[in-house]
Amino acid sequence: MRTVLVLPALLSALVNTAAAQQAPTQLSAPAPAPAAQSAPASSPSARITLDDALRLALQHNHALLALRSTILQNQAMETTANLRPNPNLNWDAQFLPLFQPSQFSEDYFNNNAQFDIGVSYLFERGKKRQRRLSAAQDATTVVRSQVTDSERQLVFNVAQQFINVLLAESTLDFAQQDLDSFQKTVDISETRWHAGAMSEGDYLKIKLQLLQFQTDVSAAKLARVQALAGLRQFLGFESVPDEYDVTGDLGYQPENATLTDLKVLASRSRPDLIAAQQSVTAARSQEALARANGKQDLTAGAAYSHTGGFNSATVSFSIPLAIFNRNQGEIARTGYAITQAQEQASETTQQVSTDVVDAYENLRSNDQIVQLYRGGYVDQAKQSRDISEYAYRRGAASLLDFLDAERTYRANQLAYRQSLANYMLAIEQLRQAVGTRNLP
Numbered sequence: 029m030r031t032v033l034v035l036p037a038l039l040s041a042l043v044n045t046a047a048a049q050q051a052p053t054q055l056s057a058p059a060p061a062p063a064a065q066s067a068p069a070s071s072p073s074a075r076i077t078l079d080d081a082l083r084l085a086l087q088h089n090h091a092l093l094a095l096r097s098t099i100l101q102n103q104a105m106e107t108t109a110n111l112r113p114n115p116n117l118n119w120d121a122q123f124l125p126l127f128q129p130s131q132f133s134e135d136y137f138n139n140n141a142q143f144d145i146g147v148s149y150l151f152e153r154g155k156k157r158q159r160r161l162s163a164a165q166d167a168t169t170v171v172r173s174q175v176t177d178s179e180r181q182l183v184f185n186v187a188q189q190f191i192n193v194l195l196a197e198s199t200l201d202f203a204q205q206d207l208d209s210f211q212k213t214v215d216i217s218e219t220r221w222h223a224g225a226m227s228e229g230d231y232l233k234i235k236l237q238l239l240q241f242q243t244d245v246s247a248a249k250l251a252r253v254q255a256l257a258g259l260r261q262f263l264g265f266e267s268v269p270d271e272y273d274v275t276g277d278l279g280y281q282p283e284n285a286t287l288t289d290l291k292v293l294a295s296r297s298r299p300d301l302i303a304a305q306q307s308v309t310a311a312r313s314q315e316a317l318a319r320a321n322g323k324q325d326l327t328a329g330a331a332y333s334h335t336g337g338f339n340s341a342t343v344s345f346s347i348p349l350a351i352f353n354r355n356q357g358e359i360a361r362t363g364y365a366i367t368q369a370q371e372q373a374s375e376t377t378q379q380v381s382t383d384v385v386d387a388y389e390n391l392r393s394n395d396q397i398v399q400l401y402r403g404g405y406v407d408q409a410k411q412s413r414d415i416s417e418y419a420y421r422r423g424a425a426s427l428l429d430f431l432d433a434e435r436t437y438r439a440n441q442l443a444y445r446q447s448l449a450n451y452m453l454a455i456e457q458l459r460q461a462v463g464t465r466n467l468p
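Note that the sequence shown covers residues 29 to 468 in our numbering.
1) Within the continuous beta strand (DSSP E) that includes S346, where are the two ends?
2) Tell me the rounded alpha-carbon separation between T130 and F143.
3) Buried or exposed: which applies to G403, given that a residue is buried once 16 or more other Cβ atoms fall within 10 Å of its Cβ?
4) Identify which residue in S346, N450, A318, G258 has its Cα closest to the Cα of N390.
5) State the CB to CB distance for the pair D468 and L293, rounded to an integer number of angstroms; the pair is presumed to be in contact (CB under 8 angstroms).
6) Using three-state DSSP, classify T335 as helix, strand or coil.
7) Roughly how many angstroms lie between the CA atoms of G463 and V385, to the nearest whole one?
8) Cβ of A110 within 8 angstroms of Cβ of L194?
9) Can you give, in chain order, each stretch of the alpha helix (DSSP H) that sits fully within the segment 115 to 141 and has at least 4 residues?
10) DSSP beta-bridge partners for F262?
11) Output yes if chain B places a C-beta closer than 8 angstroms to the C-beta of D383; else output no.
12) So, with DSSP's three-state summary, where would you put G276?
13) Could you spell out where the alpha helix (DSSP H) holding R422 opens and where it closes?
14) Taking 8 angstroms as the limit between beta carbons, can you name the residues of its chain near H222, skipping five residues before and five after?
15) The beta strand (DSSP E) spanning A74 covers which residue range?
16) Rounded to whole angstroms, what is the Cα-Cα separation between D215 and L238?
17) Hey, how far is the Cα of E218 from the Cα of Y231?
18) For S178, which of V253, P125, F123, T98 has the nearest alpha-carbon?
19) Quick check: the Cα distance between Y280 and I359, rounded to an integer number of angstroms?
20) For T288, count neighbouring Cβ atoms within 10 angstroms of its own Cβ and tell me buried if that reaches 16, exposed if not.
21) With a threshold of 6 angstroms on Cβ separation, who are the neighbours of A164 within its own chain once the five nearest residues in sequence on each side are excluded?
22) Secondary structure at F151, three-state DSSP: helix, strand or coil?
23) Based on DSSP bridge pairs, tell me the residues matched to T327.
24) Look at the Cβ atom of T199, then the Cβ atom of R459, and state whether they are nearer than 8 angstroms.
25) What's the call for Y364, buried or exposed, on a 16-neighbour Cβ count within 10 Å?
26) Comparing alpha-carbon positions, which option in G337, Q87, F202 lies nearest E134?
27) Alpha carbons only, please: which of R422, R465, F352, L93 is nearest the one belonging to A225?
28) Give the C-beta separation of L263 and A85 to the nearest angstrom, bearing in mind that I take them to be a contact with Cβ-Cβ under 8 angstroms.
29) What are the start and end residues of each continuous alpha helix (DSSP H) run of 4 or more residues lying completely inside the segment 74 to 109, in chain order?
30) Helix, strand or coil: how does DSSP classify I145 here?
31) At the level of alpha carbons, what is the spacing between G276 and Q204?
32) Going by DSSP, what residue range makes up the alpha helix (DSSP H) through A225?
33) I need the DSSP call for F352, collapsed to helix, strand or coil.
34) Pick helix, strand or coil for T219, following the three-state DSSP scheme.
35) Secondary structure at E271, three-state DSSP: helix, strand or coil?
36) Would you kindly check if the distance between the Cβ of F202 and the Cβ of Q441 is under 8 angstroms?
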């Protein structure tokens, strides 16, 4: 009979005081998630945003810098491809009296020795130099797009790791606040136990439950340190100080782009697709070079000769006879290479479309999950915990009911934060799929 009278009054008092009592771990559904903040031992010497992280990664990531050097290497190959053949200088002296040194005289050199000096030059036919330069330039264009695609992958990895840091810091913030709140419950329970209003067994149960909250804080701190270290590796260790932190929060930003618009954008922006299309052009350049190499080059020369007191001049021309070797194999190989490049471009086109569809559906699925939490589940879990805590502190609810409500609230809060992080990751995956951060 006492319970029947107490519970209505208890619920009425809870309704009247709920507006004035804001729990420190509140994460309301209509508003964005709280800022991802932690309480490190010392203030960080630098705080970076997501834009800062992306800029630093593009400037200092060593793997990316190594890839960018391949562009310079290919540009150097363009210089080599555009070089003309060097002329040949020929000189010889014959009939010198090396074994009869006494005969060395001006008269001997004029009347008995022979001297020849000449110059020859290889004239490339079939526009070989122009074809080499065009092939090298097309190869550089492909490499440049491939490096851009590596930048796309790096940007996604940095954004993903940055979100992991935000999730770790938000989880740490919640775990610390939840620990502080539960510590107050433990203190109240200890007072009730000493006053005889609670059995020692129930007090020990609730005190042992404190271990879970303390473990959560330790695990969250470790996750934060590991996430920051992983992010720093992408940014370059020398680009940020040891004690650095990020600024930002787990927020919800609705994305309303249509699948058709995203596919069109991806077809224009994906650097790997652009590289695949450029590879077809580069393959055609290689075939044109192979056909040019099948043309036989002409060697022309002119020489001056002094023999037995007579001076003479010689003009020579030579060209191989293209009877057997006309570069047939290389021409055939480069023709097949064009087909290979075309098939790879088609495959890449299909892969881009698949990536966009997967990312779009993943975003929609995560958006629905976030909406479920924001539609009432977050508030309901908090209200249930508050009611159980209020009732337990006044002796109107059992310890098991309170602990169960506390566990449900904790799981709900962690799941909500994870769903926000997954939604933000889904947006980053969509940006990666279309090849640009500017979604329509």
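Positions of the beta carbon are idealized from the N, C-alpha and C atoms, including for glycine.
Reading from the atomic positions:
1) Sequence index remark: in the sequence shown, residue 346 carries index 318 (1-based). Element bounds for S346: 338 to 346.
2) Walking along the sequence shown from the start, residue 130 turns up at place 102. Walking along the sequence shown from the start, residue 143 turns up at place 115. The residue you asked about is not Thr; residue 130 is Ser in the sequence shown. Each residue's alpha carbon lies about 20 angstroms from the other.
3) Residue mapping note: residue 403 aligns to position 375 of the sequence shown, counting from 1. Under a 10 Å Cβ-count criterion, G403 is classified as exposed, with fewer than 16 other Cβ atoms of the shown protein chains found around its own Cβ.
4) Position 362 of the sequence shown, counted from the start, is the residue given in the question as residue 390. Selected option, being the one with the closest Cα: N450.
5) Position 440 of the sequence shown holds residue 468. Position 265 of the sequence shown holds residue 293. Sequence inspection shows Pro at residue 468; the Asp mentioned does not correspond to that position. Their Cβ separation, rounded to whole angstroms, is 6 angstroms, which keeps P468 and L293 in contact under 8 angstroms.
6) Sequence index remark: in the sequence shown, residue 335 carries index 307 (1-based). The answer is strand: DSSP assigns T335 an E or B state.
7) As a working mapping, residue 463 is identified with position 435 in the sequence shown. As a working mapping, residue 385 is identified with position 357 in the sequence shown. Going by the C-alpha atoms only, they are around 14 angstroms apart.
8) Taking the sequence shown and counting its residues from 1, one reaches residue 110 at position 82. Taking the sequence shown and counting its residues from 1, one reaches residue 194 at position 166. Correcting the residue identity first, residue 110 is Asn in this sequence and not Ala. N110 places its beta carbon 8 angstroms or farther from that of L194.
9) 134 to 139
10) Within the sequence shown, residue 262 is the residue found at index 234, counting from 1. Its beta-bridge partners do not exist; DSSP assigns none.
11) Absent from the structure: chain B. Only one protein chain is present.
12) The residue given as residue 276 occupies position 248 in the sequence shown. G276 falls in the coil class under three-state DSSP.
13) Residue 422 sits at position 394 when you count from the first residue of the sequence shown. It is not in any alpha helix (DSSP H) - R422 carries neither H nor E in the DSSP assignment.
14) Position 194 of the sequence shown, counted from the first residue, corresponds to residue 222. No residues qualify anywhere along the chain.
15) Here residue 74 refers to the residue found at position 46 when the sequence shown is read from its first residue. Counting along the chain, the beta strand (DSSP E) containing A74 begins and ends at 74 to 76.
16) Indexing the sequence shown from 1 puts residue 215 at position 187. Indexing the sequence shown from 1 puts residue 238 at position 210. In a straight line, the C-alpha of D215 is about 11 angstroms away from that of L238.
17) Numbered from 1 along the sequence shown, position 190 holds the residue referred to as residue 218. Numbered from 1 along the sequence shown, position 203 holds the residue referred to as residue 231. E218 and Y231: Cα-Cα distance of roughly 7 angstroms.
18) Here residue 178 refers to the residue found at position 150 when the sequence shown is read from its first residue. Among V253, P125, F123, T98, the Cα nearest to that of S178 is on T98.
19) The residue you call residue 280 lines up with position 252 of the sequence shown. The residue you call residue 359 lines up with position 331 of the sequence shown. Cα to Cα, Y280 sits roughly 57 angstroms from I359.
20) For the purposes of this step, residue 288 is taken as the residue at position 260 of the sequence shown. So T288 ends up on the exposed side.
21) Within the sequence shown, numbered from 1, the residue matching residue 164 stands at position 136. M105, E106, A109.
22) One-based indexing of the sequence shown puts residue 151 at position 123. Note: F151 maps to strand in three-state DSSP.
23) Taking the sequence shown and counting its residues from 1, the one referred to as residue 327 is at position 299. DSSP lists L150, S346 as partners of T327.
24) Looking up residue 199 in the sequence shown gives position 171. Looking up residue 459 in the sequence shown gives position 431. No, these two residues do not count as a Cβ contact at 8 angstroms.
25) The residue you call residue 364 lines up with position 336 of the sequence shown. Counting every other CB atom within 10 Å of its CB across the protein chains shown gives Y364 a total below 16, marking it as exposed.
26) Reading the sequence shown from its first residue, position 106 is the one you call residue 134. That would be G337, whose Cα lies nearest to the Cα of E134.
27) For this step, residue 225 is matched to residue 197 along the sequence shown. Measuring from the Cα of A225, the nearest candidate turns out to be R422.
28) Counting from 1 along the sequence shown, the entry for residue 263 is found at position 235. Counting from 1 along the sequence shown, the entry for residue 85 is found at position 57. Indeed, because the Cβ distance is near 5 angstroms, the residues count as touching under 8 angstroms.
29) 78 to 88, 90 to 109
30) Along the sequence shown, read from residue 1 onward, the residue named residue 145 stands at position 117. Of the three classes helix, strand and coil, the one that applies to I145 here is strand, per DSSP.
31) If you number the sequence shown from 1, residue 276 lands on position 248. If you number the sequence shown from 1, residue 204 lands on position 176. Pairing G276 with Q204, the inter-Cα distance amounts to about 19 angstroms.
32) On the sequence shown, residue 225 is found 197 positions in, with the first residue counted as 1. First-last for A225: undefined, no H or E at that position.
33) One-based indexing of the sequence shown puts residue 352 at position 324. Three-state DSSP puts F352 in coil, outside helix and strand.
34) On the sequence shown, residue 219 is found 191 positions in, with the first residue counted as 1. Here T219 sits in helix by DSSP.
35) Counting from one through the sequence shown, the residue named residue 271 turns up at place 243. Correct three-state label for E271: coil.
36) Working through the sequence shown from its first residue, we reach residue 441 at position 413. Working through the sequence shown from its first residue, we reach residue 202 at position 174. Against a cut-off of 8 angstroms, the Cβ pair of F202 and Q441 comes out as a contact.
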